[in-house]
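S.K.: Structure incoming, see below.
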Amino acid sequence: MFGRVKPEEWKDYKWQLRNRIRDPLKIADYFNLSKEEREWVLRVSKIYTFGVTPYYLSLSDPRDPEDPIRKQILPSPEEIDPHIQRYGEENPFNEEREIKGLTHRYRDRVLMVVTTACATYCRHCMRKRIFKEGERAFTKEEIDRMIEYIESHKDIRDVLISGGDPLILDNERIEYILKRLRSIKHVDIIRFGTRLPVLLPQRFYDKQLLKILEKYGPVWVNTHFNHPKEVTEESEEAVFNLLKHGVPVNNQTVLLKGINDDGNIMLELFRKLLRIRVKPQYLFHCDPVKGVMHFRTTIDKGLEIIDFLRGKISGMGIPTYAVDLPGGKGKVPLLPKYAEKIEGNIYSFKGIDGSEVVYIVGEVKKDAVAEF
Ligand code: SF4
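Residues 0 to 371 in numbering that gives the first Met the number 0 are what the sequence shown lists, from first letter to last.
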């Protein structure tokens, strides 16, 4: 597919970006698409843009129509099926209410969107609406306006810089944003929401970027691995480089029908993430976003997966399963029902083998346990 690429080119993020595939028909032969599939891919990508790095594409199996990488990159007719998408909203979380690019949902935190561009356009993206704006980095004036807002709101301690993918910006811009944010006394935490460890890990071979992230630390990375196939030697190296420069990496997986809605797949993913020193932090229920509804499964499925993981991996490897409430009303953590019965201070819990275990807190009357 890529002809002869020198190893040093493959490892160069600029080469990967320069050689991003933006025309979906260029991968039609690779995936052996039918005439009808080609037409759909073209039609859908005119509404929700297409793009993939050679690296991420290389993780796919072109012979397998169920391949999880393929499903995350290849436009499908369901994205624009009015029946399937009828309950989806473009912006269910009312983002960017305050000023362009900035969302102040929780008192102590803000989200700053600094670009609409991504290395690869994920079909399940919850900010799919911004694809329609085309690829653009926010201007200095727009960024300054967001930073001035943060400066004037002293309750803000935590800034999440996202996009698009913020680390796709050039180092100069990244340094400008970090330098200004770090100079604000009330800002403690700066986080990047970036999928580049998954889609373009070569970005973190860039020593200059790593030095910038270290210089303005503490800086955190929230990334987004969805499937064990995405955990590669390259992503391991990327994470290792970030850690060496003092940047912790947490992961937020999205539960996606047909991609990772399976206990064994999740178990393998979370085991692999721990091996490369990434903490699985959240498993998000897929948001009700227009163009993404076909990836949604039931909340019971998510709970079943969390229940399946219990006892098979240490607690460190089990993320918090959560739904993000529409209207910007916050995240709700969800747990399987482990307390079977509660009476006063006598509890009955489900053990890891499924057995019922009576658990007493404090004093109880003699007969109470027998009656319970
Ligand atoms: S990298 Fe993130 S912001 Fe970009 S398309 Fe994928 S999920 Fe959306």
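Virtual Cβ for every residue (Gly too), placed ideally from N, Cα, C.
Values in this document were obtained by computation on a predicted structure and should not be read as measured data.
Would you kindly report the start and end of the unbroken alpha helix (DSSP H) that includes Phe49?
M.R.: Counting from one through the sequence shown, the residue named residue 49 turns up at place 50. From DSSP, Phe49 is part of no alpha helix (DSSP H); its letter is neither H nor E.
S.K.: Could you check whether the region 229–239 touches the region 281–301, counting it as contact only if at least three pairs of C-beta atoms, one from each stretch, sit closer than 8 Å?
M.R.: no
S.K.: Say whether the region 191–204 touches the region 212–226, bearing in mind that this needs 3 or more beta-carbon pairs closer than 8 Å, one atom from each stretch.
M.R.: yes
S.K.: Going by beta carbon distance, what residues of the same chain come within less than 8 Å of Tyr215, once the five residues before and after it are set aside?
M.R.: Locating residue 215 in the sequence shown gives position 216, counting from the first residue. Only residues of its own chain outside the window of five on either side were considered, and among them Glu174, Leu177, Lys178, Leu180, Arg181 and Ile189 have a CB closer than 8 Å to the CB of Tyr215, listed in chain order.
S.K.: The beta strand (DSSP E) with Ile125 in it runs from where to where?
M.R.: Taking the first residue of the sequence shown as 1, we reach residue 125 at position 126. Here residue 125 turns out to be Met, not Ile, going by the sequence shown. Unbroken run through Met125: none, as it is neither H nor E.
S.K.: Cα separation between Gln372 and Gly361?
M.R.: Within the shown structure, residues of the chain are numbered from 0 to 371, placing residue 372 beyond reach of any answer.
S.K.: May I ask whether a heavy atom of the ligand SF4 can be found less than 7 Å away from the beta carbon of Arg21?
M.R.: Reading the sequence shown from its first residue, position 22 is the one you call residue 21. Every heavy atom of the ligand SF4 is 7 Å or more from the Cβ of Arg21, so no.
S.K.: Rounding to the nearest angstrom, what Cα-Cα distance links Ile79 and Gly100 in this structure?
M.R.: Indexing the sequence shown from 1 puts residue 79 at position 80. Indexing the sequence shown from 1 puts residue 100 at position 101. When rounded, the distance between both Cα atoms is 26 Å.
S.K.: Can you give the Cα-Cα distance for Ser44 and Ile345, rounded to whole angstroms?
M.R.: Within the sequence shown, residue 44 is the residue found at index 45, counting from 1. Within the sequence shown, residue 345 is the residue found at index 346, counting from 1. For Ser44 and Ile345, the distance between alpha carbons rounds to 57 Å.
S.K.: Between the Cα of Tyr416 and the Cα atoms of Pro64, Thr138, Glu94 and Lys10, which residue gives the shortest distance?
M.R.: The chain is shown only over 0 to 371; residue 416 falls outside these bounds and no answer can be derived.
S.K.: Among Glu97, Leu266 and Lys271, which has the Cα closest to the Cα of Arg106?
M.R.: To locate residue 106, count along the sequence shown from 1; it is residue 107. Comparing Cα positions, the closest option is Glu97.
S.K.: Ordered along the chain, which non-local residues of its own chain (more than five positions away) have a Cβ less than 6 Å from that of Gly163?
M.R.: Working through the sequence shown from its first residue, we reach residue 163 at position 164. Hits under 6 Å: Thr114, Thr115, Ala116 and Cys117.
S.K.: For Asn93, tell me which candidate among Phe203, Pro247, Leu110 and Glu132 has the shortest Cα-Cα distance.
M.R.: Indexing the sequence shown from 1 puts residue 93 at position 94. Residue Leu110 is the option with its Cα nearest to Asn93.
S.K.: Tell whether a beta-carbon distance below 8 Å holds between Ile149 and Val112.
M.R.: The count along the sequence shown starts at 1 and reaches residue 149 at position 150. The count along the sequence shown starts at 1 and reaches residue 112 at position 113. With contacts defined by Cβ atoms closer than 8 Å, Ile149 and Val112 do not form a contacting pair.
S.K.: Measuring CA to CA, which of Glu233, Glu232 and Asp169 is closest to Gln207?
M.R.: To locate residue 207, count along the sequence shown from 1; it is residue 208. Minimum Cα distance to Gln207 is reached at Asp169.
S.K.: Apply the 10 Å Cβ neighbour rule to Pro74 and answer buried if 16 or more other Cβ atoms are within range, or exposed otherwise.
M.R.: Working through the sequence shown from its first residue, we reach residue 74 at position 75. So Pro74 counts as buried.
S.K.: Here's the rule I'm using: 16 or more other beta-carbon atoms within 10 Å means buried, otherwise exposed. How should Pro67 be labelled?
M.R.: Taking the sequence shown and counting its residues from 1, one reaches residue 67 at position 68. By the neighbour-count rule (16 or more Cβ atoms within 10 Å), Pro67 is buried.
S.K.: Can you give me the C-alpha to C-alpha distance between Leu32 and Gly2, rounded to a whole angstrom?
M.R.: Along the sequence shown, one-based indexing puts residue 32 at 33. Along the sequence shown, one-based indexing puts residue 2 at 3. Rounded to the nearest whole angstrom, the CA to CA distance from Leu32 to Gly2 is 20 Å.
S.K.: Say the cut is 7 Å; is the CB of Asp157 nearer than that to a heavy atom of the ligand SF4?
M.R.: The sequence position of residue 157 within the sequence shown is 158, counting from 1. The answer is no for Asp157.
S.K.: Quick check: the region 241–248 against the region 285–302, are at least 3 beta-carbon pairs closer than 8 Å?
M.R.: no
S.K.: Suppose you measure from the CA of His226 to the CA of Leu255; what does that come to, to the nearest Å?
M.R.: Counting from 1 along the sequence shown, the entry for residue 226 is found at position 227. Counting from 1 along the sequence shown, the entry for residue 255 is found at position 256. Cα to Cα, His226 sits roughly 10 Å from Leu255.
S.K.: When burial is assigned at 16 or more other CB atoms within 10 Å of the CB, is Val331 buried or exposed?
M.R.: Taking the first residue of the sequence shown as 1, we reach residue 331 at position 332. Classification of Val331: exposed, given that the 10 Å Cβ count is below 16.
S.K.: Answer with buried or exposed for Tyr358, where buried requires no fewer than 16 other C-beta atoms within 10 angstroms of its C-beta.
M.R.: Numbered from 1 along the sequence shown, position 359 holds the residue referred to as residue 358. The residue is exposed, with fewer than 16 neighbouring Cβ atoms inside 10 Å.
S.K.: Counting only the same chain and skipping the five closest in sequence on each side, list residues whose C-beta sits under 7 Å from that of Lys228.
M.R.: To locate residue 228, count along the sequence shown from 1; it is residue 229. Closer than 7 Å at Cβ, skipping near neighbours: Leu58, Pro67 and Ile68.
S.K.: Buried or exposed: Arg202, going by 16 or more other Cβ atoms within 10 Å of its Cβ?
M.R.: Position 203 of the sequence shown holds residue 202. Classification of Arg202: buried, given that the 10 Å Cβ count is 16 or more.
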